[in-house]
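Chains as they are written, first to last, in my numbering: chain A, 1036 to 1580; chain B, 1036 to 1580.
Even glycine gets a Cβ: it sits at the ideal position worked out from N, Cα and C.
Quick caveat, the model's predicted, so the values are computed rather than measured.
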């Protein structure tokens, strides 16, 4: 069965059935604000770190599959019937459903009972927010009196804690509703200086912020009581499960089209300016108000989308090929470059299978991912290299992963994946080849983020080499440590404890198991470093060697 | 609105509406096999440890509320209509629905279109299995041709890993179906010597073990495709989400009643006898087969339920009061004793709010919980005391929690809740007062489970006292450490990092904050220990002091 095709003209993958065997996801966001979105609007959003700073709740491995997302409901107020233009969560029969996964945006459209609706989701470049842009058209011969309901479920920030620690979390939720904007401010009073907001472009008939009030008892997202009834309850969450939902009445004449915008965003205030008035518990909205106001204006939304297109044009035009083969052209010029940016951004910390909880950014992974994106985003690659290097240990070794929010090495996973350090050399070499920016080698970077340990990046690279040379086995080949790039070998791990991860098993201090892969990688990395040393001349014109 | 009442005669709490604002749960199991069950059959089961050895999957904080459980579906094969006698997950209108939470069992019953069905769930004493005993009666004037479907979703053992590590877990599921029994054996081939099984008393028309095959694409438990169609697919799970479902055809004449039994169990084989034949990957069923055979016979099921009743009669008759007040009698004689056994068994490691993941058994909690149950289960209390004491540190301090499966202290939470050790004295004193068993004081118990550190329990108790005396503050009162019984004080914790648990924050080495609560507790514990020392004489008749 065919589920979709590639539309080269629009640079979009088009999915023509909602019930794909697995959700087909796209990635939104570019710098700090990210989202995953499936072909039926499932998924979640986060700021920098999918575990520690998650904005919205999502349940992996749920039944029905892919439950929870950026859901809209349209209700015909004459009949009481309601549906979702993204198919989920109501799952009505939508014969002309299409989903278009584009470059940093997703458009899902469908017609139901002659009401056409198209939802465009995207994150503008350099903003910490996402836009849901809904276009509704009445294709009936008569006027249509509709109600539109938005919905999102807020995550209580730390996605792992949010999914396990109910004794505490059911007591913590706090929201604020002001001028039609729903603010999620759990823990803002205490240890956080950030909040989420969910706003819309329209005047509201009502809102909801308490999940049970919106859904009704023992109901799912497929059948919310508020949507069924056509009337919000204006609930204010105090504990339990905070959500955001707006109710927008929409009356359309025949052939009339209307555009409605929702914004979901993340915002930080300076810790000493959190409240307004200062001794209250009311969020200081002075810095977020202009952001919200900007995107309530459809002209600015359109401009933001144009900026997103321009952003991708700029990235992609750095390297284009023209071959007789349409598939090669598409892969090289577009799709592979796009995928490389996605992995550069998230380093597989969050995906259809990575829950965003179990791991952060991989040391090895991120050095590799950078190779495919350095020509598109050299400045960000530079910053990433310095972040990675700052998690290196003084031994030359590396934490296997680090958290993107804190930029600290992850102790739960630990170190001793003996190939890890060598990848840093490849990443730096690729960066210099691409940019000619030799100054990166002189950047002073700490070890394990410890102030006072700063040394030039060049020294870090030499420790990578030394780390391998200090760990040779009986045949003079590099010891594998816990594992090399072939994670499945895990030669040095001998766990027989059920449930224990091979990767987190305490490493036997084996001095025997060697890795041919690391040996090969060492040769490549050593040659790269040797050439860097040969070519690199210091400011006085002398070779640094 | 009234949701239920207490039925003193049957010693049951009766819930008369399924849509209670929160699930009302009961606890099944007594020794090693436990289950939580809500008034609509939601919940999950585990062997000893709700995190490390979970048999079935459950999603806390889901929408619809309380999704996942021990679900049965009845289907009228003439009309194709189907429903669940426990209300969930199909949520049909069931006017005569009742749930009876009894002592270690739950009965949920309802009539739909003149088909009466009653499901009784319980765990027999001293068995690692639960029984679902369904009684179906045709109250129609004509014969009824029905299909019965059972369903359970298997958890891949470690509930935390199961809910986060999809990259790995979607590849691991393994089942075996033999003689109508569904065996869940994920990782049995590798590092486990245990499996789960789901069996029934009847000849099957079919079965399913793959969730997507049973539910159908993008469907929930409220509307499985297999039930809708009335035909199983005989799916064999390989990876993804293993489930168990049996299809039992049931034709009933007017007024005919039939009883159908399902068994869900946990079984271990000796590590060197896992397979049959030995060099195969087929489970060796020689030791589990007699267990399954026993409970396929309704007479044995009835006997097991009688044994459960006798077990509770025995526990409760140890202490009975008769007062003029029915509420006092009920509380003292029945409900408080029952609750005390539940906390003794699980020590709040799993409940409606404790997800079974975030914590194990509390050191303080378990010493306290024991006080209410020691007269009912003195032998188990003795074993628990020794388990707890074996997690004590040589300093006299205590891990705040330990995992019931491994009996090891939980490093994630750590130590320095300065009231913890003193509770051990109260527990031991209560045990000796109840039993007169002074030998417990001579039991040799290690510190931190380290072989070679064994000392008499009496020495452990003295270290508890010394621990407090070694940690006095400026006023001569005990230092609080991280916290005392009033967890909310947390005086010595100064985290300002969002998302960090106060309890797991690295403790500032404060020498100032004192606890009046610990001071009072110390006086009580010291007096108890002094009296123990005075009264205790050794085998030669001399006082040990």
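Suppose the cutoff is 8 Å on Cβ atoms and the five residues either side in sequence are ignored; what does the same chain contact list for residue 1405 of chain A look like?
Looking up residue 1405 of chain A in the first chain gives position 370. Contacts found: 1379, 1416, 1419, 1420, 1462, 1465 and 1466.
Cα separation between residue 1498 of chain B and residue 1440 of chain B?
Locating residue 1498 of chain B in the second chain gives position 463, where the first residue counts as 1. Locating residue 1440 of chain B in the second chain gives position 405, where the first residue counts as 1. Using only the alpha carbons, I get a separation of about 26 Å.
Please work out which residues of its chain come closer than 7 Å, Cβ to Cβ, to residue 1455 of chain A, disregarding the five sequence neighbours upstream and downstream, and give them in chain order.
Translated into the one-based positions of the first chain, residue 1455 of chain A becomes position 420. Around residue 1455 of chain A: 1398, 1399, 1433 and 1435.
Determine the closest residue to residue 1086 of chain A out of A/1179, A/1449 and A/1383, with distance taken between C-alpha atoms.
Residue mapping note: residue 1086 of chain A aligns to position 51 of the first chain, counting from 1. Of the listed residues, the one whose Cα sits closest to residue 1086 of chain A is A/1383.
Under 7 Å between the Cβ atoms of residue 1513 of chain A and residue 1550 of chain A?
To locate residue 1513 of chain A, count along the first chain from 1; it is residue 478. To locate residue 1550 of chain A, count along the first chain from 1; it is residue 515. Yes, the Cβ-Cβ distance between residue 1513 of chain A and residue 1550 of chain A is below 7 Å.
Ignore the nearest five residues each way along the sequence and tell me which others in residue 1046 of chain A's own chain have a CB closer than 7 Å to its CB.
Within the first chain, the letter at position 11 stands for residue 1046 of chain A. Closer than 7 Å at the Cβ level, and outside the excluded window around residue 1046 of chain A, lie 1137, 1138 and 1369.
Quick check on the DSSP output: the beta strand (DSSP E) that includes residue 1089 of chain B runs from which residue to which?
Position 54 of the second chain, counted from the first residue, corresponds to residue 1089 of chain B. That run of the beta strand (DSSP E) goes 1089-1091.
Between residue 1248 of chain B and chain A, is any beta-carbon pair separated by less than 7 Å?
Start at 1 with the first residue of the second chain, and residue 1248 of chain B comes out as number 213. Not one chain A Cβ lies under 7 Å of residue 1248 of chain B.
Please state whether DSSP places residue 1390 of chain A in a helix, a strand or coil.
For this step, residue 1390 of chain A is matched to residue 355 along the first chain. The answer is strand: DSSP assigns residue 1390 of chain A an E or B state.
State yes or no: is the beta carbon of residue 1071 of chain B nearer than 7 Å to at least one beta carbon in chain A?
What you label residue 1071 of chain B is simply residue 36 of the second chain in a count that begins at 1. By this cut-off, residue 1071 of chain B is not an interface position.
Report the neighbours of residue 1253 of chain A on chain B: residues whose CB is nearer than 7 Å to its CB, in chain order.
Residue 1253 of chain A sits at position 218 when you count from the first residue of the first chain. By Cβ distance, chain B contributes 1054, 1099, 1100 and 1126.
Are at least three pairs of beta-carbons, each pair with one atom in the segment 1300-1314 of chain A and one in the segment 1149-1164 of chain A, less than 8 Å apart?
Verdict: yes, contact present.
Within the same chain, show all residues whose beta-carbon is closer than 7 Å to that of residue 1201 of chain A, passing over the 5 residues directly before and after it, in chain order.
The count along the first chain starts at 1 and reaches residue 1201 of chain A at position 166. Correct list: empty, nothing qualifies.
With distances taken from CA atoms, which of B/1093, B/1073 and B/1067 is nearest residue 1082 of chain B?
Position 47 of the second chain, counted from the first residue, corresponds to residue 1082 of chain B. With distances taken between Cα atoms, residue 1082 of chain B lies closest to B/1067.
Return the chain-ordered list of same chain residues with a C-beta closer than 6 Å to the C-beta of residue 1178 of chain B, the five sequence neighbours on each side being excluded.
Stepping through the second chain from its first residue, residue 1178 of chain B is reached at position 143. These residues qualify, in order along the chain: 1288.
Of all the CB atoms in chain A, is at least one closer than 7 Å to the CB of residue 1227 of chain B?
Taking the second chain and counting its residues from 1, the one referred to as residue 1227 of chain B is at position 192. It does: the Cβ of residue 1227 of chain B has a partner Cβ on chain A nearer than 7 Å.
Can you check the segment 1080-1158 of chain A for any beta strand (DSSP E) of at least 3 residues that lies completely inside it and give the ranges in chain order?
1080-1082, 1089-1091, 1106-1111, 1133-1136, 1140-1147 and 1150-1157, all fully within the segment 1080-1158 of chain A.
By the three-class DSSP mapping on this structure, what secondary structure does residue 1298 of chain B have?
What you label residue 1298 of chain B is simply residue 263 of the second chain in a count that begins at 1. Residue state, collapsed to three classes: strand.
Within this structure, are the beta carbons of residue 1099 of chain B and residue 1279 of chain A separated by less than 7 Å?
Working through the second chain from its first residue, we reach residue 1099 of chain B at position 64. Working through the first chain from its first residue, we reach residue 1279 of chain A at position 244. No, Cβ-Cβ distance for residue 1099 of chain B and residue 1279 of chain A is not below 7 Å.
Where residue 1055 of chain A and residue 1038 of chain A are concerned, what is the direct C-alpha to C-alpha distance, given to the nearest angstrom?
For the purposes of this step, residue 1055 of chain A is taken as the residue at position 20 of the first chain. For the purposes of this step, residue 1038 of chain A is taken as the residue at position 3 of the first chain. Rounded to whole angstroms, residue 1055 of chain A to residue 1038 of chain A spans 7 Å at the Cα level.
Contact check, residue 1239 of chain B vs residue 1215 of chain B under 8 Å by CB: the rounded distance?
Translated into positions along the second chain, residue 1239 of chain B becomes position 204. Translated into positions along the second chain, residue 1215 of chain B becomes position 180. About 5 Å; that satisfies the 8 Å criterion.
Just to confirm the assignment, what range does the beta strand (DSSP E) spanning residue 1049 of chain A have?
Numbered from its first residue, the first chain carries residue 1049 of chain A at position 14. Note, residue 1049 of chain A: beta strand (DSSP E), 1047-1050.
Could you list the residues in the segment 1189-1221 of chain B with a C-beta less than 7 Å from some C-beta on chain A, going in chain order?
Per Cβ criterion, the list reads 1192, 1193, 1196, 1198, 1199, 1200, 1201, 1202 and 1205.
Report the residue from B/1116, B/1355 and B/1516 whose alpha carbon sits nearest the alpha carbon of residue 1147 of chain B.
Along the second chain, one-based indexing puts residue 1147 of chain B at 112. For the residues B/1116, B/1355 and B/1516, the minimum Cα distance to residue 1147 of chain B belongs to B/1116.
Using the DSSP secondary-structure output, state which residues sit across from residue 1221 of chain B in a beta bridge.
For the purposes of this step, residue 1221 of chain B is taken as residue 186 along the second chain, with counting starting at 1. BP columns for residue 1221 of chain B are empty, so no partner.
List the endpoints of the continuous beta strand (DSSP E) containing residue 1517 of chain A.
Reading the first chain from its first residue, position 482 is the one you call residue 1517 of chain A. Counting along the chain, residue 1517 of chain A falls outside any beta strand (DSSP E), and DSSP gives it neither H nor E.
Looking at chain B, is there any beta carbon in it that lies within less than 7 Å of the beta carbon of residue 1119 of chain A?
Here the question's residue 1119 of chain A lines up with position 84 in the first chain. Not closer than 7 Å to any Cβ of chain B, the Cβ of residue 1119 of chain A fails to qualify, so no.
Check the Cβ-Cβ distances between residue 1533 of chain B and every residue of chain A, and say whether any is below 7 Å.
The count along the second chain starts at 1 and reaches residue 1533 of chain B at position 498. It does; some Cβ of chain A falls within 7 Å.
Verify the CB distance criterion: does residue 1388 of chain A have a CB-CB separation below 7 Å to chain B?
Within the first chain, residue 1388 of chain A is the residue found at index 353, counting from 1. For residue 1388 of chain A, the answer is yes, since a Cβ of chain B falls inside 7 Å of its Cβ.
How about the segment 1168-1178 of chain A and the segment 1205-1212 of chain A: do they share at least three Cβ pairs that are nearer than 8 Å?
They do not touch, by the three-pair rule.
Between the Cα of residue 1122 of chain A and the Cα atoms of A/1114, A/1142 and A/1112, which residue gives the shortest distance?
Counting from one through the first chain, the residue named residue 1122 of chain A turns up at place 87. For the residues A/1114, A/1142 and A/1112, the minimum Cα distance to residue 1122 of chain A belongs to A/1142.
For residue 1274 of chain A, would you say it is in contact with chain B, using Cβ-to-Cβ distances shorter than 7 Å as the test?
Translated into the one-based positions of the first chain, residue 1274 of chain A becomes position 239. No, residue 1274 of chain A does not count as interfacial toward chain B.
Just by C-beta distance, which residues in the segment 1078-1100 of chain A are closer than 8 Å to chain B?
Per Cβ criterion, the list reads 1087, 1094, 1095, 1096, 1097, 1098, 1099 and 1100.
Can at least three beta-carbon pairs, one atom from the segment 1292-1301 of chain B and one from the segment 1322-1336 of chain B, be found at a separation below 8 Å?
Taking 8 Å as the limit for Cβ pairs, the verdict is that the segment 1322-1336 of chain B does touch the segment 1292-1301 of chain B.
In three-state DSSP terms, what is residue 1073 of chain B?
By one-based count along the second chain, residue 1073 of chain B stands at place 38. Looking at residue 1073 of chain B - three-state DSSP - the assignment turns out to be strand.
Just confirm the distance between the C-beta atoms of residue 1189 of chain B and residue 1219 of chain B, as a whole number of angstroms; I'd bet it's less than 8 Å.
By 1-based counting over the second chain, the position of residue 1189 of chain B is 154. By 1-based counting over the second chain, the position of residue 1219 of chain B is 184. Right, their Cβ atoms sit about 4 Å apart.
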